[in-house]
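Under this note's numbering, the first residue of the sequence shown carries the number 37, and numbering increases by one thereafter.
A virtual CB, placed ideally from N, CA and C, is assigned to each residue, including glycine.
Remember, predicted model here, so these are calculated numbers, not experimental data.
Following: one structure in structure tokens, then a few remarks.
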Amino acid sequence: MTTDPIGNYGDASKSYAEQVDVKPIHVFYERPNTWALLPHSLNGLNILDLGCGSGWYAEQLLKAGAVVTAIDVNHQMVELTRKRVQNHAQVIQANLEEPLEFLASESFDVILAPLVIHYVKDWFALMKELARLLKKNGLFIFSTHQPHQTYHIFKLENYFHPQIIQDYWPSLKATVQYYHHTLHDLTESLYQAGFLIERMIEPLPEEGMKQDTKMYPLLTTRPWFLFVRAIKR
Numbered sequence: 037m038t039t040d041p042i043g044n045y046g047d048a049s050k051s052y053a054e055q056v057d058v059k060p061i062h063v064f065y066e067r068p069n070t071w072a073l074l075p076h077s078l079n080g081l082n083i084l085d086l087g088c089g090s091g092w093y094a095e096q097l098l099k100a101g102a103v104v105t106a107i108d109v110n111h112q113m114v115e116l117t118r119k120r121v122q123n124h125a126q127v128i129q130a131n132l133e134e135p136l137e138f139l140a141s142e143s144f145d146v147i148l149a150p151l152v153i154h155y156v157k158d159w160f161a162l163m164k165e166l167a168r169l170l171k172k173n174g175l176f177i178f179s180t181h182q183p184h185q186t187y188h189i190f191k192l193e194n195y196f197h198p199q200i201i202q203d204y205w206p207s208l209k210a211t212v213q214y215y216h217h218t219l220h221d222l223t224e225s226l227y228q229a230g231f232l233i234e235r236m237i238e239p240l241p242e243e244g245m246k247q248d249t250k251m252y253p254l255l256t257t258r259p260w261f262l263f264v265r266a267i268k269r
């Protein structure tokens with residue numbers, strides 16, 4: 037399996053892992069809203085954690101009684117997750133731009149992908165592959181960038197033109213690359229893969245987000261991420 041530079045973080049992986057568990061936008065915005073879309077009981081469910089990063093979700097899913105398989109494109113993230121969950125989950129390095137042929141069809145109850153899919157160019161191929169992996173009535177739960185927000189922040193000339201975004205993250209002192217997709221790309225790729233969108237939310241952050249005086253005003257006045265729960269029909 038190959039490693040794709042998009043979403044790989046490169047030398048910034050260690051810095052990202054050190055920051056992600058305490059950064060307010062994750063603690064008070066992304067994680068609680070993603071977790072709220074999961075089933076009330078996770079005990080015994082087979083869950084695929086896509087883009088597992090440093091392993092926070094994998095660890096929490098295990099604590100909730102789930103059987104976890106975790107995947108990330110970055111070998112450093114894979115090692116961090118393995119260290120975090122020890123031998124309680126299968127952790128694999130894999131590229132989401134390629135078919136996940138090593139995973140059996142209809143083997144998961146839930147696929148979780150927090151802030152991951154915007155690192156993948158072809159959403160139509162990705163959604164079809166994820167539908168293959170899910171059992172009937174299985175859930176695909178994910179968050180991603182709100183496309184209109186990306187369009188405005190980076191002053192893109194054409195909203196409808198798929199393109200790579202070069203985003204400098206001061207906290208990492210690194211430029212992170214990801215793809216701009218349209219809302220149509222999202223809904224149509226899910227539809228063609230046989231998914232039905234159950235919920236799509238643009239939430240406000242929790243009160244604790246106020247400690248980030250720069251981001252709090254932004255997150256309370258404009259959509260930043262989309263949070264989606266879709267069911268395989």
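Identify every residue that forms a DSSP beta bridge with residue i.
{"i": "proline 150", "result": "Ser179"}
{"i": "isoleucine 233", "result": "Ala266"}
{"i": "histidine 216", "result": "Gln199"}
{"i": "leucine 170", "result": "Phe144"}
{"i": "threonine 211", "result": "Tyr204"}
{"i": "phenylalanine 261", "result": "His181"}
Going by alpha carbons, who is nearest to residue i out of the options?
{"i": "threonine 256", "options": "Phe263, Lys246, Leu240", "result": "Leu240"}
{"i": "isoleucine 153", "options": "Glu134, Val63, Lys59, Leu98", "result": "Glu134"}
{"i": "phenylalanine 144", "options": "His62, Tyr227, Asn131, Gly174", "result": "Gly174"}
{"i": "alanine 229", "options": "Ile237, Tyr252, Leu170, His76", "result": "Leu170"}
{"i": "arginine 120", "options": "Val109, Leu98, Val103, Ser141", "result": "Leu98"}
{"i": "isoleucine 200", "options": "Thr186, Asp85, Lys209", "result": "Thr186"}
{"i": "asparagine 79", "options": "Ala140, Asp85, Ala100", "result": "Ala100"}
{"i": "methionine 113", "options": "Tyr93, Gly89, Ile107, Leu232", "result": "Gly89"}
{"i": "phenylalanine 178", "options": "Met163, Arg168, Ala53", "result": "Met163"}
{"i": "aspartate 203", "options": "Val109, Tyr155, Gln122", "result": "Tyr155"}
{"i": "glutamate 165", "options": "Leu192, Glu193, Pro68, Glu142", "result": "Glu142"}
{"i": "tryptophan 92", "options": "Pro75, Phe64, Asp57", "result": "Asp57"}
{"i": "glutamine 122", "options": "Ala140, Glu95, Leu148, Val109", "result": "Glu95"}
{"i": "glutamine 286", "options": "Lys250, Trp205, Leu136", "result": "Outside the shown range of the chain (37 to 269) lies residue 286, about which nothing can therefore be said."}
{"i": "alanine 161", "options": "Leu136, Val63, Ala140", "result": "Leu136"}
{"i": "leucine 236", "options": "Met251, Asn110, Lys250, Ile267", "result": "Correcting the residue identity first, residue 236 is methionine in this sequence and not leucine. Cα-wise, what sits closest to methionine 236 is Ile267."}
{"i": "glycine 87", "options": "Asn110, Ala167, Leu232, Ala140", "result": "Asn110"}
{"i": "phenylalanine 231", "options": "His188, Arg168, Thr249", "result": "Arg168"}
{"i": "alanine 140", "options": "Lys250, Ser77, Thr249, Thr105", "result": "Thr105"}
{"i": "leucine 148", "options": "Arg118, Pro75, Glu193, Val63", "result": "Pro75"}
Flag this pair as yes or no: are the beta carbons of residue i and residue j separated by less than 9 angstroms?
{"i": "leucine 6", "j": "arginine 265", "result": "What is shown of the chain runs 37 to 269, which leaves residue 6 out entirely."}
{"i": "lysine 50", "j": "serine 207", "result": "no"}
{"i": "phenylalanine 138", "j": "alanine 125", "result": "no"}
{"i": "isoleucine 190", "j": "glutamate 66", "result": "Sequence inspection shows phenylalanine at residue 190; the isoleucine mentioned does not correspond to that position. Result no, Cβ atoms of phenylalanine 190 and glutamate 66 do not sit closer than 9 angstroms."}
{"i": "alanine 271", "j": "valine 212", "result": "Residue 271 falls outside the range modelled here, since the chain spans only 37 to 269, and no answer is possible."}
{"i": "arginine 269", "j": "lysine 172", "result": "yes"}
{"i": "proline 150", "j": "threonine 70", "result": "yes"}
{"i": "asparagine 82", "j": "valine 146", "result": "yes"}
{"i": "proline 198", "j": "aspartate 221", "result": "yes"}
{"i": "aspartate 85", "j": "isoleucine 61", "result": "no"}
{"i": "phenylalanine 176", "j": "leucine 132", "result": "no"}
{"i": "glutamate 234", "j": "phenylalanine 263", "result": "no"}
{"i": "leucine 116", "j": "alanine 53", "result": "yes"}
{"i": "proline 195", "j": "histidine 181", "result": "Here the sequence assigns tyrosine to residue 195, which means proline is not the residue at that position. Not a contact, by the Cβ cut-off of 9 angstroms."}
Closer than 8 angstroms to a non-hydrogen atom of the ligand ADP - does that hold for the CB of residue i?
{"i": "glutamine 96", "result": "By its list of ligands, the structure shown contains no ligand whatsoever, and the ligand ADP lies outside what it can speak to."}
Check whether the region 199-217 and the region 232-251 touch, using three or more Cβ-Cβ pairs below 8 angstroms as the test.
The answer is no - the region 232-251 does not touch the region 199-217, with fewer than three Cβ pairs under 8 angstroms.
Scan the region 77-130 and note each continuous beta strand (DSSP E) run of 3 residues or more that stays entirely inside, going in chain order.
Counting whole runs of 3 or more residues, the region 77-130 contains the beta strand (DSSP E) stretches 82-86, 103-108, 126-129.
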